[in-house]
Amino acid sequence: MRPVTPPMMYQPMPGTAQQPQMMFARPPSPPPMMAPMMPPVRMQPQQFMQQPPPMAFAPQPQMMFGPTPMMYGQPGPMYASTRVVSAENARGRGGGVDKGTLAKLDAGFKKLQDAKDCKSLLKKYLTKEVFDKLKTRKTANGATLLDVIQSGVENLDSGVGIYAPDAESYRVFADLFDPVIEDYHKFKRTDRHPHTNFGDLSTLKNVDLSNDIVVSTRIRCARSLQGYPFNPCLTESQYREMEEKVVPTLTSFEGELSGTYYPLTGMDKATQQQLIDDHFLFKEGDRFLQSANACRFWPTGRGIFHNDAKTFLVWVNEEDHLRIISMQKGGNIQDVFSRLVKAVKAIEKKLPFSRDDRLGTRGEHTASEGGVYDVSNKRRLGLTEYDAVKTMQDGILELIKLEKAA
Numbered sequence: 298m299r300p301v302t303p304p305m306m307y308q309p310m311p312g313t314a315q316q317p318q319m320m321f322a323r324p325p326s327p328p329p330m331m332a333p334m335m336p337p338v339r340m341q342p343q344q345f346m347q348q349p350p351p352m353a354f355a356p357q358p359q360m361m362f363g364p365t366p367m368m369y370g371q372p373g374p375m376y377a378s379t380r381v382v383s384a385e386n387a388r389g390r391g392g393g394v395d396k397g398t399l400a401k402l403d404a405g406f407k408k409l410q411d412a413k414d415c416k417s418l419l420k421k422y423l424t425k426e427v428f429d430k431l432k433t434r435k436t437a438n439g440a441t442l443l444d445v446i447q448s449g450v451e452n453l454d455s456g457v458g459i460y461a462p463d464a465e466s467y468r469v470f471a472d473l474f475d476p477v478i479e480d481y482h483k484f485k486r487t488d489r490h491p492h493t494n495f496g497d498l499s500t501l502k503n504v505d506l507s508n509d510i511v512v513s514t515r516i517r518c519a520r521s522l523q524g525y526p527f528n529p530c531l532t533e534s535q536y537r538e539m540e541e542k543v544v545p546t547l548t549s550f551e552g553e554l555s556g557t558y559y560p561l562t563g564m565d566k567a568t569q570q571q572l573i574d575d576h577f578l579f580k581e582g583d584r585f586l587q588s589a590n591a592c593r594f595w596p597t598g599r600g601i602f603h604n605d606a607k608t609f610l611v612w613v614n615e616e617d618h619l620r621i622i623s624m625q626k627g628g629n630i631q632d633v634f635s636r637l638v639k640a641v642k643a644i645e646k647k648l649p650f651s652r653d654d655r656l657g658t659r660g661e662h663t664a665s666e667g668g669v670y671d672v673s674n675k676r677r678l679g680l681t682e683y684d685a686v687k688t689m690q691d692g693i694l695e696l697i698k699l700e701k702a703a
């Protein structure tokens, strides 16, 4: 179908497609320290549970809930990200850093050191030694240490505080990224993320045939396109160019994936309201992303595609180049994941994705909204897409078992 002429609206998305996710009609008693890998399960709390369930599914401390942003361009399963660069790149080949940037870096570092209440991973790992080593480095796209840390410097309440402006930043500024990644994901510098593997879909199932416990299921992944930096380094012309490449691919889908693309630029009010009602319309980034320059040239090059059945959705150039989402009512994990896999494969045939041999793909945001709970997979690195979803399924089945026994 032809793309529809649309968006200039940035309404919040109430709980739309943040990762593999399910909604429970009532929250089961949380099992002890089990299923750390579960993609989100959303459970509506009943009177017998007045407090949010403890993070029994995330035995390692994790910033799952609240406003804390994760690293932009963060590695993780089902996320396309970084590319392999040479040793020369790892030293920073982009040329010298200007005096103005160095002055801002010095001021920012001092601000971090003076902020006694700041608990971010940025402050924890940006030691004086690391700072002095990295402050004069620059990527081929011109990204400096300031681009990496400025959001965490401006927002001292950040949990992580660093963003990757381009793929090369993971190498050039590895002395900062590597310890933060290891702390947050428990993914060591010597670890390697496995290649994409969607596994045996026949082993997945409908976990709630009675339809009285699971309200809905959704699974999301993000992909970055080869040859482009991440949002903080994208130019206005690159935003347009990427949209021009992506739209023909999305609008060529047939069968259950067939649908319509709605560009954010010029969206009429009726279309805008319908997308708001469907909880599909995304908003401009929060203060963390804005501080990282991840929302420049808004809304140029941004848009939304969804299929006719509204069970498949793609966000174009929101926080990632592509966010690909599959969702439906009930607990049929096999159907939801199969649809996502079909879409990812179809897109990749025409638009090569970026990938790094060590870090693989970028990570996800997990959120808790309103009167429901998201139970999220803790591990994001070191396992395949199939492993993430299968572990979620196993955890959900255990939760349902406990719920029925309660």
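Going left to right, the sequence shown walks through residues 298 to 703 as the working numbering numbers them.
Cβ coordinates follow ideal geometry from the N, Cα and C atoms, glycine included.
In this structure, the alpha-carbon of residue 702 lies about 16 angstroms from that of residue 507. Taken through DSSP and simplified to helix, strand or coil, residue 539 comes out as helix.
Boundaries of the beta strand (DSSP E) around residue 609: 609 to 613.
For residue 523, the secondary structure class from DSSP, reduced to helix, strand or coil, is coil.
Straight across, the Cα-Cα distance linking residue 602 with residue 557 is about 6 angstroms.
Per DSSP, residue 552 is not a residue of any beta strand (DSSP E), being assigned neither H nor E. Burial is judged here by how many other beta carbons sit within 10 angstroms of a residue's own beta carbon; residue 517 has at least 16 and is buried. A distance below 7 angstroms separates the beta carbons of residue 526 and residue 438. Between the beta-carbon of residue 415 and that of residue 473 there is about 16 angstroms, and that puts the pair past the 8 angstroms contact cut. In the three-state reduction of the DSSP assignment, residue 572 falls in the helix class, which pools H, G and I.
Contact check for residue 394 and residue 432: beta-carbon distance about 7 angstroms, within the 8 angstroms limit, so the pair qualifies.
Contact fails between the region 495 to 513 and the region 472 to 487, because fewer than three Cβ pairs, one in each stretch, are under 8 angstroms apart. 7 angstroms or more divides the Cβ of residue 465 from the Cβ of residue 487.
Under the three-state reduction of DSSP, residue 485 is assigned to coil, being neither helix nor strand. Counting along the chain, residue 406 sits inside the alpha helix (DSSP H) bounded by residues 396 to 411. Under the three-state reduction of DSSP output, residue 420 falls in the helix class.
Relative to residue 552, the option among 604, 688, 597, 588 whose CA is nearest is 604.
Rounded to whole angstroms, the gap between the alpha carbons of residue 546 and residue 592 is 24 angstroms.
Annotation: residue 432 is outside any beta strand (DSSP E) and is labelled neither H nor E by DSSP. DSSP places residue 624 in the uninterrupted beta strand (DSSP E) bounded by 619 to 626.
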